[in-house]
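Protein chains: 2
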Amino acid sequence: MHSPELLKGTLQTIVLKVLKDHGRMYGYEITQRVKELSDDRILLTEGALYPTLHKLEAEGMLRTETESIGKRVRKYYSLTPQGRSLVKERVSEFVDFIRTMGNVLQVELS
Amino acid sequence: MHSPELLKGTLQTIVLKVLKDHGRMYGYEITQRVKELSDDRILLTEGALYPTLHKLEAEGMLRTETESIGKRVRKYYSLTPQGRSLVKERVSEFVDFIRTMGNVLQVELS
DNA sequence: ATTAATACATAAGTGAATTATGTATTAAGA
DNA sequence: TCTTAATACATAATTCACTTATGTATTAAT
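Residue numbers (the numbering used here), protein chains in the order written: chain B, 59 to 168; chain Y, 59 to 168.
Right, here's the structure in full:
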């Protein structure tokens, strides 16, 4: 894990982009996918993830379908058209931020 | 300005690295340098900067010399040897974070 | 003269996160 | 078979790095 401070403000971006790349996913699946993609460096906590999903849904960025797997319930999330726009915005915002930080810190990224 | 959320957790890194690259600087000068390097995208607020400088000084990462310019007082900060180690750590931590985010978001940084 | 820029400092408030807690099902291991 | 770990959701309490607001004072610009 990195200093978790750096992660602040990136949660929505991560969730949205992973949903865009992978399609329909449920909450727990998102945490696992991010853990995998980040090589165990980013571990999303439930206390942050679920409220974020609820918020994005309330804002019309995500829609949900509930599915029953045996007796267990899963809530699948997917992007709405609005959500699709938001991903682009958030990702390019992040890339721009990184570019700026590269200038300020005088480091080569990648 | 970017979404200021992304900036969270980067303040110490920015201050330390700018001090490393430019040497001895005073607070206001740091804000101006960062503003310049970031092409007006990162505007450090005093309410964040000064407490951070005080904290880093208290931890032995920075030392200060006070200088009088006319009737005005400037507090110059510079890195201690400990501070010099911390810069390296913070910057490589940041670079590592960016690399991870690149993987998660599937974007090319640079 | 008045305003903007320079230069410091600190207290109050915010908000996105962590931590803690709760419920429940399913799989694994002793 | 019993217990623990993993799966799967949810929300309340707390934290803490930041923003906003406020304060003092000097110097430059209009």
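No residue lacks a Cβ here, since even glycine has one placed at the ideal position from N, Cα and C.
Contact under 9 Å by Cβ, residue i with residue j
i	j	result
B/Thr124	B/Arg130	no
B/Thr158	Y/Ser96	yes
Y/Phe155	B/Val165	no
B/Gly160	Y/Lys66	no
B/Lys75	Y/Val73	no
Y/Leu69	Y/Leu107	yes
B/Tyr134	B/Arg82	yes
Endpoints, alpha helix (DSSP H) assigned at residue i
i	result
B/Ser143	139–163
Y/Glu125	First-last for Y/Glu125: 120–127, but that is the beta strand (DSSP E), not the alpha helix (DSSP H).
Y/Gly85	85–95
Y/Ile100	It is not in any alpha helix (DSSP H) - Y/Ile100 carries neither H nor E in the DSSP assignment.
Y/Lys66	Counting along the chain, Y/Lys66 falls outside any alpha helix (DSSP H), and DSSP gives it neither H nor E.
Chain Y within 9 Å of residue i, Cβ atoms only
i	result
B/Lys66	yes
B/Ser96	yes
B/Glu117	no
B/Leu56	With chain B covering only 59 through 168, there is no way to say anything about residue 56 of chain B.
B/Thr122	no
B/Pro139	no
B/Thr71	yes
Minimum Cβ-Cβ distance from residue i to chain B less than 9 Å
i	result
Y/Gln164	yes
Y/Lys75	yes
Y/Ser143	no
Y/Glu151	yes
Y/Glu125	no
Y/Pro109	no
Y/Thr89	no
Discussion item. Three or more C-beta pairs under 8 Å: does that hold for the stretch 71–90 of chain B against the stretch 77–90 of chain Y?
Written reply: Taking 8 Å as the limit for Cβ pairs, the verdict is that the stretch 77–90 of chain Y does not touch the stretch 71–90 of chain B.
Worksheet entry | Inter-stretch contact at 8 Å, needing at least 3 Cβ pairs: the stretch 138–146 of chain B / the stretch 96–106 of chain B | The stretch 138–146 of chain B vs the stretch 96–106 of chain B: no contact.
Worksheet item: Between the stretch 134–141 of chain B and the stretch 113–121 of chain B, do at least 3 Cβ pairs fall closer than 8 Å?
Response: Here the stretch 134–141 of chain B lies against the stretch 113–121 of chain B, with 3 or more beta-carbon pairs under 8 Å apart.
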